[in-house]
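Quick note: numbering that gives the first Met the number 0 has the sequence shown finishing at residue 284, numbered continuously throughout. Don't be surprised by glycine CBs; every beta carbon is placed ideally from N, CA and C. For reference, the structure is listed below as structure tokens.
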Amino acid sequence: MLGVVENHSSPRTAAFFDLDKTVIAKSSTLTFSKSFYQGGLINRRAVLRTAYAQFVFLAGGADHDQMERMRAYLSALCKGWNVQQVKEIVAETLHDLIDPIIYDEAASLIEEHHTAGRDVVIVSTSGAEVVEPIGELLGADRVVATRMVVGADGCFTGEVGYYAYGPTKAEAVKQLAASEGYDLERSYAYSDSVTDVPMLESVGHPHAVNPDRALRREAVARDWPILVFNRPVRLKQRLPALRMPPRPALVAAAAVGAAAATAGLVWYVNRGSRAGRRHDAFARI
Numbered sequence: 000m001l002g003v004v005e006n007h008s009s010p011r012t013a014a015f016f017d018l019d020k021t022v023i024a025k026s027s028t029l030t031f032s033k034s035f036y037q038g039g040l041i042n043r044r045a046v047l048r049t050a051y052a053q054f055v056f057l058a059g060g061a062d063h064d065q066m067e068r069m070r071a072y073l074s075a076l077c078k079g080w081n082v083q084q085v086k087e088i089v090a091e092t093l094h095d096l097i098d099p100i101i102y103d104e105a106a107s108l109i110e111e112h113h114t115a116g117r118d119v120v121i122v123s124t125s126g127a128e129v130v131e132p133i134g135e136l137l138g139a140d141r142v143v144a145t146r147m148v149v150g151a152d153g154c155f156t157g158e159v160g161y162y163a164y165g166p167t168k169a170e171a172v173k174q175l176a177a178s179e180g181y182d183l184e185r186s187y188a189y190s191d192s193v194t195d196v197p198m199l200e201s202v203g204h205p206h207a208v209n210p211d212r213a214l215r216r217e218a219v220a221r222d223w224p225i226l227v228f229n230r231p232v233r234l235k236q237r238l239p240a241l242r243m244p245p246r247p248a249l250v251a252a253a254a255v256g257a258a259a260a261t262a263g264l265v266w267y268v269n270r271g272s273r274a275g276r277r278h279d280a281f282a283r284i
């Protein structure tokens, strides 16, 4: 165990985790590019382009402008994709692609937070169609993710309905705190990117995980703990005693009004029924 989690019985608290390079070792969305190619959704050129994007992302060289260009590219790329087909591809390849790249240290932290009675929330800029199943795999209680607009034909229109990025993540955290009664001053947050500073500073226990240069500078200046996760491991290889117990199914929904948002922000909860979930999502990062 990492020994960074305090145990409090009340009031309700939560631990908010960024996903890519914080809980898993790669970009969640880009990791599925080969599977989307095999499913006929993208061509070989797109596979090579996403492989390069993955390299830039892992090298820590993706700044805000590059992230915006990547978002625009992937939004255009998924236009016309059938949402149900995307879900099926992710479900079929999830364990093979994501399970091996989950950080052991992150899984231990998630377990510690659950043991302390704290809800675990994944807050990711990746698309909901990718993030929701990963959240379920991790035993997360809720997921906040980017959502794409879906047309009447069940296909992505290429428009972004809700973009979970930067300050928007902090707004989502505060809205969840209001609806669920979380005490943010006693809550935790973890991220690798300087773009998540608004989310980190919204809680009383922020942590920089594998931080990029800019976030490392912020963490040092603010005296935030810096954690290094470097042991990807399959969850099934972990000791059974450390596995996460099933969590109760909780569902909450909140509409987010913003000039750039045309669709609602949907909170997703693990282990629960998938019936009634809206078909909205997939964009990168």
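Exercise. So Val22 and Ile101 are in contact, right, with Cβ under 8 angstroms, and what is the actual spacing, rounded?
Worked result: Counted from its first residue, the sequence shown places residue 22 at position 23. Counted from its first residue, the sequence shown places residue 101 at position 102. Contact holds; Cβ gap of about 7 angstroms.
Exercise. Quick one, which of Val196, Ile41, Gly160 has its alpha-carbon nearest Val219's?
Worked result: Reading the sequence shown from its first residue, position 220 is the one you call residue 219. Nearest option by C-alpha distance: Val196.
Exercise. So, are the CB atoms of Glu131 and Val119 less than 7 angstroms apart?
Worked result: By one-based count along the sequence shown, residue 131 stands at place 132. By one-based count along the sequence shown, residue 119 stands at place 120. Against a cut-off of 7 angstroms, the Cβ pair of Val119 and Glu131 comes out as no contact.
Exercise. Nearest to Phe16 by alpha carbon, out of Asn81, Arg216, Arg221, Ala163?
Worked result: Counted from its first residue, the sequence shown places residue 16 at position 17. It is Ala163.
Exercise. How is the alpha helix (DSSP H) around Asp103 delimited, first residue to last?
Worked result: Within the sequence shown, numbered from 1, the residue matching residue 103 stands at position 104. Start and end: 103 to 114.
Problem set entry | Same chain, Cβ closer than 6 angstroms to Arg11, neighbours up to 5 away in sequence not counted | For this step, residue 11 is matched to residue 12 along the sequence shown. Excluding residues within five positions, the ones whose Cβ falls inside 6 angstroms are Gly180, Tyr181.
For this session: Assign Leu40 to one of three DSSP states: helix, strand, or coil.
Result: Translated into the one-based positions of the sequence shown, residue 40 becomes position 41. Residue state, collapsed to three classes: coil.
Problem set entry | Length of the line joining the Cα atoms of Asp19 and Val149 | By 1-based counting over the sequence shown, the position of residue 19 is 20. By 1-based counting over the sequence shown, the position of residue 149 is 150. Taking the straight line joining both Cα atoms gives about 24 angstroms.
Problem set entry | Thr21 CB to nearest heavy atom of the ligand GDP below 6 angstroms | In the structure on display, the ligand GDP does not appear, and there are no ligands present to speak of.
For this session: Taking 7 angstroms as the cut-off, decide whether the C-beta atoms of Asp211 and Val227 are in contact.
Result: Residue mapping note: residue 211 aligns to position 212 of the sequence shown, counting from 1. Residue mapping note: residue 227 aligns to position 228 of the sequence shown, counting from 1. No; because the gap between Cβ atoms is not below 7 angstroms, this pair is not in contact.
For this session: Count the C-beta pairs between the region 27 to 44 and the region 77 to 89 that are closer than 8 angstroms, then say yes if the count reaches three, no if not.
Result: yes
For this session: Check Tyr164 in the structure and name its three-state DSSP category.
Result: Counting from one through the sequence shown, the residue named residue 164 turns up at place 165. Coil, per DSSP.
Problem set entry | For Leu18, the three-state DSSP class (helix, strand or coil) | Within the sequence shown, numbered from 1, the residue matching residue 18 stands at position 19. Three-state result, Leu18: coil.
Exercise. Would Asn81 pass as a contact of Gly153 if the rule is Cβ separation under 7 angstroms?
Worked result: Residue mapping note: residue 81 aligns to position 82 of the sequence shown, counting from 1. Residue mapping note: residue 153 aligns to position 154 of the sequence shown, counting from 1. Contact flag set, yes.
Exercise. Which of the three DSSP states, helix, strand or coil, is assigned to Ser32?
Worked result: Start at 1 with the first residue of the sequence shown, and residue 32 comes out as number 33. If DSSP states are grouped into helix, strand and coil, Ser32 belongs with the helices.
Exercise. Cβ atoms of Thr124 and Thr145: under 7 angstroms apart, would you say?
Worked result: Numbered from 1 along the sequence shown, position 146 holds the residue referred to as residue 145. Numbered from 1 along the sequence shown, position 125 holds the residue referred to as residue 124. Taking 7 angstroms as the Cβ cut-off, Thr145 and Thr124 qualify as a contacting pair.
For this session: Report all residues from its chain with a CB closer than 6 angstroms to the CB of Ala188; omit the five preceding and five following residues, and keep chain order.
Result: Numbered from 1 along the sequence shown, position 189 holds the residue referred to as residue 188. Answer for Ala188: Phe15, Met198, Leu199, Val202, Pro205, listed in chain order.
Exercise. Taking the C-alpha atoms as reference points, what is the distance between Asp95 and Asn229?
Worked result: For the purposes of this step, residue 95 is taken as the residue at position 96 of the sequence shown. For the purposes of this step, residue 229 is taken as the residue at position 230 of the sequence shown. Their backbone Cα atoms lie some 19 angstroms apart in a straight line.
Exercise. What residues in its chain sit with their C-beta under 6 angstroms from that of Ala213, if we drop five residues either side in the sequence?
Worked result: Position 214 of the sequence shown holds residue 213. Within the same chain, Ala213 has close Cβ partners Val193.
For this session: Sort out for me which residues DSSP pairs Leu136 with in a bridge.
Result: By 1-based counting over the sequence shown, the position of residue 136 is 137. DSSP output for Leu136 lists no bridge partner at all.
For this session: Tell me whether Ser364 sits in a helix, a strand or coil according to DSSP, three-state version.
Result: Nothing can be reported for residue 364, as the shown portion of the chain is limited to 0 through 284.
For this session: Pull up the DSSP beta-bridge partners for Pro210, would you.
Result: As a working note, residue 210 is residue 211 in the sequence shown. Paired residue(s): none; Pro210 is not in a bridge.
For this session: Use the C-beta contact count for Pro239: other C-beta atoms within 10 angstroms, 16 or more gives buried, fewer gives exposed.
Result: Position 240 of the sequence shown, counting from 1, holds the residue named residue 239. No answer about Pro239 holds up, because its pLDDT of 46 lies below 50 and its placement is not dependable.
Exercise. In whole angstroms, what separates the C-alpha of Leu136 from that of Asp191?
Worked result: The sequence position of residue 136 within the sequence shown is 137, counting from 1. The sequence position of residue 191 within the sequence shown is 192, counting from 1. Their backbone Cα atoms lie some 21 angstroms apart in a straight line.
Exercise. Going by the CB atoms, is the gap between Val89 and Val129 shorter than 7 angstroms?
Worked result: On the sequence shown, position 130 is the one that residue 129 refers to. On the sequence shown, position 90 is the one that residue 89 refers to. Yes, these two residues count as a Cβ contact at 7 angstroms.
Exercise. How is the alpha helix (DSSP H) around Thr304 delimited, first residue to last?
Worked result: Outside the shown range of the chain (0 to 284) lies residue 304, about which nothing can therefore be said.
For this session: Please state whether DSSP places Ser190 in a helix, a strand or coil.
Result: Start at 1 with the first residue of the sequence shown, and residue 190 comes out as number 191. In this structure, Ser190 counts as strand in the three-state DSSP scheme.
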